[in-house]
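Engineer: For what it's worth, my numbering labels the leading residue of the sequence shown as 619, then goes sequentially. Backbone N, C-alpha and C fix where the C-beta goes; we use that ideal spot for every residue, glycine too.
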Amino acid sequence: MSVTERVAYLKGLLEGMELDTDKKEGKVWKAVLAVLEELAECVCELEDDNARFSDVLSEFDEELAAFEEEMSGEHVDFLDEEEDSLYQVICPTCGEVIFMDDTLLSEGSTICPACGEELEFDLSDLSDEDLAESLIESVTEE
């Protein structure tokens with residue numbers, strides 16, 4: 619029996635009791651039933667959404683499996699380390715780990731995607747060798 623059917627059954631039981639909704643006891647039961655009906659509707663919507671998301675996730679999983687199968691055995695360089703170095707920065711406010719490339723670092727600041735805090739970088743006096751070691755320290759000091 620679904621949640622909606624259970625609530626309908628309770629509604630029938632309460633109507634059969636012929637409670638006077640003008641009295642305190644009747645008002646309480648009427649309010650409880652209204653909340654149960656609303657909750658049952660929300661549960662049904664969540665179940666529908668969950669089923670849709672599950673279908674989308676299954677499709678994505680199938681596409682990913684097909685892609686992995688297609689790529690297996692082949693060596694693919696997605697990141698050319700000479701051109702695109704990635705740096706790991708930890709937001710001092712929320713602790714979120716953020717990965718940045720040289721282009722983003724050269725802008726001088728970014729917004730933390732987790733908490734919205736603006737992170738500023740002053741890299742003018744760092745050499746390329748010192749950049750990777752000092753980046754996290756400079757962010758946490760601000």
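1) Going by CA-CA distance only, name the one from K648, S727, L704 and E656 that's closest to E633.
2) Sorted by chain position, which residues of the same chain lie with C-beta nearer than 6 Å to L697's C-beta, five sequence neighbours on each side aside?
3) Taking buried to mean at least 16 other C-beta atoms within 10 Å of its own C-beta, is C662 buried or exposed?
4) In terms of residue numbering, what span does the beta strand (DSSP E) encompassing F717 cover?
5) Please determine if the stretch 626–644 and the stretch 676–683 are in contact, where contact requires at least 3 C-beta pairs separated by less than 8 Å.
Structural biologist: Judging by the given coordinates:
1) When C-alpha distances from E633 are compared across K648, S727, L704 and E656, the shortest belongs to K648.
2) Note on L697: pLDDT 47, under 50, position unreliable in the model; no value is reported.
3) By the neighbour-count rule (16 or more Cβ atoms within 10 Å), C662 is not buried but exposed.
4) Residues V715 to D719.
5) Output reads no: the stretch 676–683 does not touch the stretch 626–644.
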